[in-house]
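Q: This structure is in structure tokens; I'll ask about it shortly.
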Amino acid sequence: MSATAATETAPIVLTPNVSPLGPRRWRPFVEDVELSCYSYHLPHAASDDDDDDDDDDDDDDDDYPAALPSSRLDDWYLALHPSSYVDEPRDSAWTDASHAGRPLLRKTAWSVFDVGCECEYGYSDNWQRLVSCPRMIGVLREITSEVSRIVGGGGGGGGEGEFNSVNLNYYPRGGGIGYHADDEFLFDGTNRPTRIVSLSLCDRREDDGGDDEDVGRRSGERLFQVKRRKAGTTTMGGVVAGITLRHGDLVTMEGMFQRHYLHSVWPGDDDDRTYVDHEGCRGERINLTWRTIVRHLDGSDECRGLVCPLAAGGRGCGGGGE
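Under full-length UniProt numbering, the first residue of the sequence shown carries the number 1, and numbering increases by one thereafter.
This is the structure we're talking about:
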């Protein structure tokens, strides 16, 4: 049996069914049963110390306490913000993103949690090295543990949980990312069901010169969009769904999502400097995306000849289906 057949037929356990918060808290975003592609959204519910439940579409969450306190989310945002690492060695925390030799607005970071794992992260024409700053690693472990608890991943942050890696993007004013799939070697997401979880941390400070406090609190939000690939090609189809992600929101991509769908954060990477004053991206945002490494770097061309000790020790899942 091929690796694809073996992995794709594995049962898919969806987040609403395993999260201790219960299924009612998770809003369906994409439920494509035919292609086994799913995505769910957990808005950051307003808690007693919040005053930002200003959207009518959040009324369904008013009876629920926040999954994570706003004060803690604020602390995480500040603890991860690139400005907190200006005195650290270059590239020990955040690195500048680029594509085809062209600098982008984004900054990126990458960390792993399995003991002994040395996997760097290759995607597009980038190769992301591991975060080496101990202070940042400590913050990432703390957040990973809390998010794993909420989504039902278990453990987390110490090599015992489902999520053994996290990728970060920092979006300044006008920053986004274009359509893509998280289909890299490490995750084998085109051959087997995967679960990817993302947390948004947004700047909640008021915009300079603005009197509308609500606008300031929404300034870091971004529009998350997904498109279905056309059958037999990598060409994008039309927009299937879009949702605004705000401070503290969680969103998942599950099942065979990475094979059949592409996702983006508006306005994308192209000409994004023209959007610095657009109301849809005039604030800062940090996004953390947790994934499961199932194939450690094995020395192949796709891995740039790099070998992770866990692959050499037989702990990589092998994958196949290339």
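The beta-carbon is built from N, C-alpha and C at its ideal position, and this holds for glycine as well.
What you are looking at is a predicted structure, and each value in this text was computed from that prediction instead of being measured.
With DSSP collapsed to three states, give me the class of Gly138.
A: As a working mapping, residue 138 is identified with position 138 in the sequence shown. Gly138 falls in the helix class under three-state DSSP.
Q: Which one of Ile143, Asn164 and Val151 has the shortest CA to CA distance from Arg295?
A: For the purposes of this step, residue 295 is taken as the residue at position 295 of the sequence shown. Selected option, being the one with the closest Cα: Asn164.
Q: Run through DSSP, which three-state label would Cys202 get?
A: Here residue 202 is taken as the residue at index 202 of the sequence shown, counted from 1. The answer is strand: DSSP assigns Cys202 an E or B state.
Q: Kindly give me the distance between the Cβ atoms of His44 and Asp182, rounded to whole angstroms, as I take these residues to be in contact under 8 Å.
A: Counting from 1 along the sequence shown, the entry for residue 44 is found at position 44. Counting from 1 along the sequence shown, the entry for residue 182 is found at position 182. Not a contact, Cβ separation roughly 23 Å.
Q: For Leu104 versus His260, is the C-beta distance shorter than 7 Å?
A: One-based indexing of the sequence shown puts residue 104 at position 104. One-based indexing of the sequence shown puts residue 260 at position 260. No; because the gap between Cβ atoms is not below 7 Å, this pair is not in contact.
Q: Please list, in chain order, all residues of the same chain as Asn17 whose beta carbon is under 7 Å from its beta carbon, the five residues on each side excluded.
A: As a position in the sequence shown, residue 17 is number 17, starting the count at 1. Counting only Cβ-Cβ distances below 7 Å, and skipping sequence neighbours, we find Pro23.
Q: Suppose the cutoff is 6 Å on Cβ atoms and the five residues either side in sequence are ignored; what does the same chain contact list for Cys133 look like?
A: Within the sequence shown, residue 133 is the residue found at index 133, counting from 1. So the list reads Glu88, Ser92 and Ala93, once near-sequence residues are dropped.
Q: Across which residues does DSSP place Cys37 in a beta bridge pair?
A: Numbered from 1 along the sequence shown, position 37 holds the residue referred to as residue 37. For Cys37, which the question treats as bridged, DSSP gives the partners Asp32 and Gly255.
Q: Tell me whether Pro20 is buried or exposed, calling it buried when 16 or more other Cβ atoms sit within 10 Å of its Cβ.
A: Translated into positions along the sequence shown, residue 20 becomes position 20. Classification for Pro20: exposed.
Q: Thinking Arg246 and Trp127 are a contact (beta carbons under 8 Å), I'd like their distance in whole angstroms, please.
A: Here residue 246 refers to the residue found at position 246 when the sequence shown is read from its first residue. Here residue 127 refers to the residue found at position 127 when the sequence shown is read from its first residue. Actually they do not touch by this definition, with Cβ atoms about 32 Å apart.
Q: Roughly how far, in whole angstroms, is the beta-carbon of Ser111 from the beta-carbon of Val33, given that I think they are within contact range, below 8 Å?
A: For the purposes of this step, residue 111 is taken as residue 111 along the sequence shown, with counting starting at 1. For the purposes of this step, residue 33 is taken as residue 33 along the sequence shown, with counting starting at 1. Between Val33 and Ser111 the Cβ distance is about 34 Å, and since that is not below 8 Å, they are no contact.
Q: According to the Cβ coordinates, are Leu199 and Val147 closer than 7 Å?
A: Looking up residue 199 in the sequence shown gives position 199. Looking up residue 147 in the sequence shown gives position 147. Cβ atoms of Leu199 and Val147: closer than 7 Å.
Q: Can you check which of these residues, Gly178, His263, Asp298 and Thr252, is closest to Arg27 by C-alpha distance?
A: Counting from 1 along the sequence shown, the entry for residue 27 is found at position 27. Out of Gly178, His263, Asp298 and Thr252, Thr252 has the C-alpha closest to the C-alpha of Arg27.
Q: Using only alpha-carbon positions, find the residue among Gly101, Phe187 and Ala109 that is nearest to His81.
A: Numbered from 1 along the sequence shown, position 81 holds the residue referred to as residue 81. Comparing Cα-Cα distances from His81 to each of Gly101, Phe187 and Ala109, the minimum goes to Ala109.
Q: Taking just the CA atoms, how far does Arg195 sit from Glu184?
A: In the sequence shown, residue 184 corresponds to position 184, counting from 1. In the sequence shown, residue 195 corresponds to position 195, counting from 1. Spanning the two alpha carbons is a distance of roughly 14 Å.
Q: Which one or two residues does DSSP pair with Arg222 in a beta bridge?
A: Residue mapping note: residue 222 aligns to position 222 of the sequence shown, counting from 1. Per DSSP, Leu245.
Q: If we ignore side chains and look at the alpha-carbon of each, how far apart do Ala97 and Tyr170 end up?
A: To locate residue 97, count along the sequence shown from 1; it is residue 97. To locate residue 170, count along the sequence shown from 1; it is residue 170. Roughly 10 Å between the two C-alpha positions.
Q: Taking Ala79 as part of the alpha helix (DSSP H), name the residues at either end of that continuous run.
A: Indexing the sequence shown from 1 puts residue 79 at position 79. Taken as a continuous stretch (DSSP letters only), the alpha helix (DSSP H) holding Ala79 covers Ser70 to Leu80.
Q: Just verifying my parser: in three-state terms, what is the DSSP assignment at Arg195?
A: Locating residue 195 in the sequence shown gives position 195, where the first residue counts as 1. Residue state, collapsed to three classes: strand.
Q: Please state whether DSSP places Asn287 in a helix, a strand or coil.
A: Start at 1 with the first residue of the sequence shown, and residue 287 comes out as number 287. Note: Asn287 maps to strand in three-state DSSP.
Q: To the nearest angstrom, report how far apart Arg135 and Tyr77 are at their CA atoms.
A: Counting from 1 along the sequence shown, the entry for residue 135 is found at position 135. Counting from 1 along the sequence shown, the entry for residue 77 is found at position 77. The alpha-carbon atoms of Arg135 and Tyr77 are separated by roughly 14 Å.
Q: Using three-state DSSP, classify Arg228 as helix, strand or coil.
A: Here residue 228 is taken as the residue at index 228 of the sequence shown, counted from 1. Reduced to three states, the DSSP call for Arg228 is strand.
Q: Decide if Pro65 is buried, meaning its Cβ has at least 16 other Cβ atoms within 10 Å, or exposed.
A: Looking up residue 65 in the sequence shown gives position 65. Flag for Pro65 reads exposed.
Q: Using DSSP bridges, identify the partner residues of Asn164.
A: Working through the sequence shown from its first residue, we reach residue 164 at position 164. Paired residues: none, contrary to the question.
Q: Quick one: residues in its chain with C-beta nearer than 7 Å to the C-beta of Cys119, no 5 flanking neighbours on either side, listed in chain order?
A: Taking the first residue of the sequence shown as position 1, residue 119 is located at position 119. Val112, Leu186, Ile293, His296, Leu297 and Cys308, listed in sequence order.
Q: If you draw a straight line from the C-alpha of Thr74 to the C-alpha of Leu201, how long is it?
A: Here residue 74 corresponds to residue number 74 of the sequence shown, with the count starting at 1. Here residue 201 corresponds to residue number 201 of the sequence shown, with the count starting at 1. Before going on, a small fix: residue 74 reads as Asp here, not Thr. For Asp74 and Leu201, the distance between alpha carbons rounds to 8 Å.
Q: Thinking C-alpha only, which one of Arg291, Leu42 and Lys227 is nearest Pro193?
A: As a working mapping, residue 193 is identified with position 193 in the sequence shown. Of the candidates Arg291, Leu42 and Lys227, the one whose C-alpha sits nearest the C-alpha of Pro193 is Arg291.
Q: Could you pull the start and end residues of the beta strand (DSSP E) that Thr15 belongs to?
A: Taking the first residue of the sequence shown as 1, we reach residue 15 at position 15. From DSSP, Thr15 is part of no beta strand (DSSP E) but of the alpha helix (DSSP H) over Thr15 to Val18.
Q: So the candidates are Phe29, Phe257, Ala67 and Thr289; which of them puts its Cα closest to the Cα of Asp188?
A: Sequence index remark: in the sequence shown, residue 188 carries index 188 (1-based). It is Phe257 whose Cα lies nearest to the Cα of Asp188.
Q: Ordered along the chain, which non-local residues of its own chain (more than five positions away) have a Cβ less than 8 Å from that of Thr15?
A: Position 15 of the sequence shown, counting from 1, holds the residue named residue 15. Cβ within range, chain order: Trp26, Tyr40, Val151, Gly152, Arg195, Val197, Thr252 and Glu254.
Q: Contact defined as beta carbons within less than 8 Å: I believe Ile286 pairs with Leu140. What is the distance between those atoms, to the nearest angstrom?
A: In the sequence shown, residue 286 corresponds to position 286, counting from 1. In the sequence shown, residue 140 corresponds to position 140, counting from 1. With 8 Å as the limit, Ile286 and Leu140 do not qualify as a contact, their Cβ atoms being about 11 Å apart.
Q: Could you give the DSSP three-state label for Ala311: helix, strand or coil?
A: The residue labelled residue 311 in the question sits at position 311 within the sequence shown. It is helical.
Q: Determine the burial state of Thr144: buried for a count of at least 16 other Cβ atoms within 10 Å of its Cβ, exposed for fewer.
A: Along the sequence shown, one-based indexing puts residue 144 at 144. Thr144 should be labelled buried.
Q: Nearest-angstrom Cα distance between Leu223 and Pro172?
A: For this step, residue 223 is matched to residue 223 along the sequence shown. For this step, residue 172 is matched to residue 172 along the sequence shown. Cα to Cα, the separation comes out at about 14 Å.
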